[in-house]
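Asks: Please see the structure below; I have some questions.
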Amino acid sequence: MIDKIYCAEIKPEMERQRIKLAGWVYRKREIKDKVFIVLRDSSGIIQIVFKEELSKEAYGKARKVGIESSIIAEGVVKPDPRAPGGVEIQGDRIEVISNVEFFPITKDASEEFLLDVRHLHLRSPKVAAIMKVKATLMQAAREWLLQDGWYEVFPPIFLTAAVEGGSTLFKLKYFDKTAYLSQSAQLYLEAAIFGLEKVWSLTPSFRAEKSRTRRHLTEFWHLELEAAWMDLWDIMKVEEELVSYMVQRTLELRRKEVETFRKDLTTLKNAEPPFPRISYDEAIDILQSKGVQIEWGEDMGADEERVLTQEFDRPFFVYGYPKHIKAFYMKIDPEDERKALAADMLAPEGYGEIIGGSQREDSYEKLVQRIIEEGMDPKDYEWYLDLRKYGSVPHSGFGLGVERLVAWVLKLDHIKWATLFPRTPARLYP
RNA sequence: GCCGCCGUAGCUUAGUCGGUAGAGCGCGCGGCUGUUAACCGCGUGGUCCCCCGUUCGAGCCGGGGCGGCGGCGCCA
């Protein structure tokens, strides 16, 4: 590792100090006997001036270097009001590690082109800022989970057939058998709670749906929690505490990056427990009062959800959905057989669902009945049903879409910007 | 699966009535006493997505195909 300092570490107080930098040429401007190079590294940018009078050799090399070339430069710190950021480097040495003739990304690139050259786009400070925020959100999640006593587990990604509507699963050859890519670790986490009680996992999930929306990817990162002895209300508390900690911690550690994407931090700052809780019934009432055409029993579509999220200035829960629009493994509300003990967490500002959670059906008989009702075969769920045969307990869990959370936190217009190499029905490369 | 839109230079695009395909950016050369995605001048660069048809002549009109984008459904 070379002995260099980061661009962001350079401060006006370091005047006259000699320093070494390594990074990439972000901008270059030539004026008569000077070359201005704005150098970029993972921390930020700094301007280096190469003057012919200071070093003819360095000046000559700097003149020839192309955008995005990798270089090592040396010089002296000099505060200057004309420099971006108020400080610059008077450069007298430059070593060109790898020169670039021409860099494909220029100022008029379309979003589509940027995705075509995503491997090169990743070096932009804006993308780096998103990835830093994503990393910090997950760091915060780990901090919270650790201090609250949750065990991280590592569930399988290869699955056998028939879990929750096979049409959304990616199919692949597994020697002489057929396997599917996991779309949720949930069933496996449910098995894990019998030994560990409170477990979580972070895995990729795959959905073979040709969804063309700003909140769907075919591959996304899924943070899932499952806990024994918790009912729906317990798990909702976990959800709001976790999300709140992730958001507040990120505001603390990554304020600068967050602010480059959103000016108004209100909804983030408001994300403190308790989050508002409204029932599905209340949600329908609100929508009907807003003139939305929706009847009790119908699922909320994207349009309805958007209207609802605009009624809130922080994340909120909708609980008590009709059972027929929810998954078979969710427990039926004993006080109202039409409903499932399910709750979604929706982000405000039009973002909508970031968490789907529920209390799970823990009775063997009822679960078998639900599987049959949904037109599925209990034989396909033998091991899962076993969990209800041998020491079944009340338990609950949820799944959080990591990219969806990032998209809301940074007010991104599409969750694909929250991932390194987005996978959509049409995009598998790069 | 359904609805809508779009394919012209490396990128972003203009292209009138069907008549030799134009610009900006990038890149190259030159200029400029401190630039801020610098600026100025000159130069460089085309399978007009593909096929078929109409026509003396198609980027433009007609038919078919392929690819992509936006939205819905599905969901995290």
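Residue numbers (the numbering used here): -10 to 419. Backbone N, C-alpha and C fix where the C-beta goes; we use that ideal spot for every residue, glycine too.
1) Quick check on the burial criterion: 16 or more other C-beta atoms within 10 angstroms. Buried or exposed for Ser99?
2) Could you name the residues that DSSP lists as bridge partners for Val307?
3) With distance defined between alpha-carbon atoms, name the residue in Leu148, Gly12, Pro145, Asp30 nearest to Ile86.
4) What's the call for His108, buried or exposed, on a 16-neighbour Cβ count within 10 Å?
5) Go through its chain and collect everything with a Cβ distance to Arg203's Cβ below 6 Å, but skip five positions before and after it.
6) Which value, in whole angstroms, describes the spacing of the CA atoms of Val65 and Glu77?
7) For Thr255, is the classification buried or exposed, using 16 other Cβ atoms within 10 angstroms of its Cβ as the cut-off for buried?
8) What runs of the alpha helix (DSSP H), each 4 residues or longer, lie entirely inside the stretch 162 to 243?
9) Out of Ile(-9), Pro145, Val142, Asp105, which one is the CA nearest neighbour of Leu10?
10) Determine the DSSP secondary structure at Gly12, reduced to helix, strand or coil.
11) On the three-pair Cβ rule with 8 Å, is the stretch 406 to 416 touching the stretch 105 to 123?
12) Using the C-alpha atoms, what's the distance from Phe91 back to Ile61?
13) In this structure, does DSSP put Ala130 in helix, strand or coil?
14) Buried or exposed for Lys420, going by 16 or more other Cβ atoms inside 10 Å?
15) With H, G and I counted as helix, E and B as strand and the rest as coil, what does DSSP make of Ile283?
16) Quick check on the burial criterion: 16 or more other C-beta atoms within 10 angstroms. Buried or exposed for Arg359?
17) Along the chain, which unbroken stretches of the alpha helix (DSSP H) at least 4 residues long are found entirely within the stretch 54 to 138?
18) For Lys368, count neighbouring C-beta atoms within 10 Å of its own C-beta (all shown protein chains included) and say buried if the count is 16 or more, exposed if not.
19) Using alpha carbons as the reference points, say which of Glu271, Val296, Ala216, Asp270 lies closest to Val281.
20) Which of the three DSSP states is assigned to Asp402 in this structure?
21) Given a cut-off of 8 Å, decide if Ala316 and Met289 are closer than it, judged by their beta-carbon atoms.
Replies: If we stick to the structure as given:
1) exposed
2) Ile267, Asp333
3) Gly12
4) Per the 10 Å Cβ criterion, exposed.
5) Excluding positions up to five away in sequence, the list reads His403.
6) 8 Å
7) By the Cβ-count criterion, Thr255 is exposed, with fewer than 16 other Cβ atoms from all chains shown falling within 10 Å of its own Cβ.
8) 175 to 185, 221 to 242
9) Ile(-9)
10) strand
11) The way I'd put it, the stretch 406 to 416 does touch the stretch 105 to 123; three or more beta-carbon pairs between them come closer than 8 Å.
12) 19 Å
13) helix
14) Residue 420 lies beyond the stretch modelled for the chain, which goes from -10 to 419, so this question has no answer here.
15) coil
16) buried
17) 100 to 105, 107 to 110, 114 to 136
18) exposed
19) Val296
20) coil
21) It is not a contact, given that the beta carbons lie outside the stated cut-off.
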